[in-house]
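Quick notes on the structure that follows.
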Amino acid sequence: MKKRTFLKKLSAIGLSGFIPNKINNTNLEDLNHGKYYSENNFWKTVRSQYKLNSEFINLENGYYNIIPNPVMIKYKKLISKINYEGSYYMRNKLEIDESKITKNLAEFIDCNNEELIITRNTTESLDLVISGYPWKKNDEAIFADHDYGAMKDMFIQVSKRYGIKNKIISIPLHPKSDQEIVELYEKQINSKTKLIMVCHMINITGQILPVKKICKMAANYGVEVMVDGAHAVGQFNLSIRDLNCDYYGSSLHKWLAAPLGTGLLYIKKKNIPKIWPLFATSTKNLEKIKKLNHKGTHPVHSKLAILCAIEYQNWLGIKKKEKRLRFLKDYWINKIKGVKNVKINTPFDKLRACGIGNFGIKSIEPSKLADILLKDYKIYTVAIDEKGVKGCRVTPNLFTNTTELDRLVYAIKKIANF
Ligand SMILES: Cc1ncc(COP(=O)(O)O)c(C=O)c1O
868 MKKRTFLKKL SAIGLSGFIP NKINNTNLED LNHGKYYSEN NFWKTVRSQY
918 KLNSEFINLE NGYYNIIPNP VMIKYKKLIS KINYEGSYYM RNKLEIDESK
968 ITKNLAEFID CNNEELIITR NTTESLDLVI SGYPWKKNDE AIFADHDYGA
1018 MKDMFIQVSK RYGIKNKIIS IPLHPKSDQE IVELYEKQIN SKTKLIMVCH
1068 MINITGQILP VKKICKMAAN YGVEVMVDGA HAVGQFNLSI RDLNCDYYGS
1118 SLHKWLAAPL GTGLLYIKKK NIPKIWPLFA TSTKNLEKIK KLNHKGTHPV
1168 HSKLAILCAI EYQNWLGIKK KEKRLRFLKD YWINKIKGVK NVKINTPFDK
1218 LRACGIGNFG IKSIEPSKLA DILLKDYKIY TVAIDEKGVK GCRVTPNLFT
1268 NTTELDRLVY AIKKIANF
């Protein structure tokens, strides 16, 4: 593609404003195809697009991903625009913009836009499904002890409210095969089972579960599967159509690096009519997923900025991003594998993890370990001490470089050699 045509294409989707001066000065074709523009320089450029806190090395990007400057600039403009147009915008333009964003998001995760709504986060998305499910007394649900607390709490609440039974399985830290995991869920299924909740990526260890295979197995029993994709959308390449799950929730302020308070909920068309909304809606709309989306007035500029985040991700390329995140995780993990007193809590198989990793050090409590890393080495991680996982979660981001990871490796070796 000629440089001018390429630039035209970028500006057609509003992306030309994203390209920082540094990139504008290089040949964009080379930037994307890497003939002269090396991989290393590409990620250096990406790093330069972030405003980083120089007081510590941020290796805790799993809670939320800070927004790169090109998206931040557009986000700030959106805040001003909404404030400028006020109620006029809300009454006349919001719905049109929202449906455009939903279409783009549906394309990004490969699903039908009539099966998708924008929510505020994964908690809202999945709790809408769990609490709105038409449970009957003695129905059963299956999930794992490694699942996220908020959703487990909602299952406990509906069990008290409707008399359903929750069955909780335990996922091994280093599974031998996909089949081993699929069977863990399958063994719990009986004629009363209605819903399985599965984490696409377990947040505390970074383990990716074989969601597609679990969905296929469950469908043979007529059991529905709800996927917690909080850490999946924007971290690795995925297709909802391919997974063929019944429900999928994600937080876009995590790996899509959209503003805080943005998420999505996918529901397979055939399941939409039976889910009760949290906030009552017009009876005309009961067959449409929009019935679940009424939440009153909220910060719409955050929602609008999802489009800017998608454009930026498309500029990066999701496969390239996935490869980079996996490279960064492997980089530090491979250097501490086999080090005395160090335990790795993340699977080693390539497709069972991506950017998130977790390690522990024998005889050091996780909270102490995280403290030492921050106080003595200026490295920010998060302590994990639950469900049999003892360690620190390390979550690099696209701005992370290998010099920072070398510092982490140095710190781990020093601490482990007590
Ligand atoms: C696996 C998983 N599910 C759900 C959530 C909840 O995300 P949010 O707080 O954005 O709703 C998180 C948050 O870290 C998570 O890690």
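Just so you know, we're using the numbering used here here: the sequence shown kicks off at 868 and counts up by one. Using N, Cα and C, we set each Cβ at its ideal position, and we do this for glycine too.
Handout entry: Range of the contiguous alpha helix (DSSP H) that encloses glutamate 1091
Key = Taken as a continuous stretch (DSSP letters only), glutamate 1091 belongs to no alpha helix (DSSP H), being part of the beta strand (DSSP E) at 1091–1095.
Practice task
Give every residue whose Cβ lies closer than 5 Å to any heavy atom of ligand 1, listed in chain order.
Solution key: Asn988, Thr989, Thr990, Tyr1015, Asn1070, Asp1095, Ala1097, Ser1118
Practice task
Just mark threonine 1164 as buried or exposed, buried being the case when its beta carbon has 16 or more other beta carbons within 10 Å.
Solution key: exposed
Problem - Run of the alpha helix (DSSP H) containing lysine 1083, from where it starts to where it stops - result: 1078–1087
Exercise for the section: Taking the CB atoms as reference points, tell me whether isoleucine 934 and proline 1126 lie closer together than 8 Å. Expected result: yes
Practice task
For lysine 889, count neighbouring Cβ atoms within 10 angstroms of its own Cβ and tell me buried if that reaches 16, exposed if not.
Solution key: Low confidence applies to lysine 889: its pLDDT is 39, below 50, so where it sits in the model is not reliable, and the reading given next is rough at best. Classification of lysine 889: exposed, given that the 10 Å Cβ count is below 16.
Problem - glutamine 1024 burial status per 10 Å Cβ neighbour count (16 or more: buried) - result: exposed
Handout entry: Three-state secondary structure assigned by DSSP to tyrosine 1244
Key = helix
Practice task
Could you pull the start and end residues of the beta strand (DSSP E) that phenylalanine 1146 belongs to?
Solution key: No beta strand (DSSP E) holds phenylalanine 1146; DSSP gives it neither H nor E.
Practice task
Look at the alpha carbon of glutamate 1232 and the alpha carbon of lysine 948, and state the distance between them as a whole number of angstroms.
Solution key: 49 Å
Exercise for the section: Taking only the alpha-carbon atoms, compute the straight-line gap between lysine 1202 and glutamate 1271 and give it to the nearest angstrom. Expected result: 13 Å
Exercise for the section: May I have the straight-line CA-CA distance separating threonine 989 from asparagine 1033, to the nearest angstrom? Expected result: 20 Å
Problem - Beta-carbon separation (whole angstroms), lysine 1188 vs leucine 1123, contact threshold 8 Å - result: Incorrect: roughly 10 Å between the Cβ atoms, too far for contact.
Handout entry: Identity of the residues DSSP links to cysteine 1259 by a beta bridge
Key = Phe1226, Ala1250
Exercise for the section: Pick helix, strand or coil for isoleucine 1119, following the three-state DSSP scheme. Expected result: The displayed chain sequence assigns leucine, not isoleucine, to residue 1119. DSSP places leucine 1119 in coil when its eight states are reduced to three.
Problem - For tyrosine 931, the nearest candidate out of Pro937, Thr912, Gly1130 (CA to CA) - result: Gly1130
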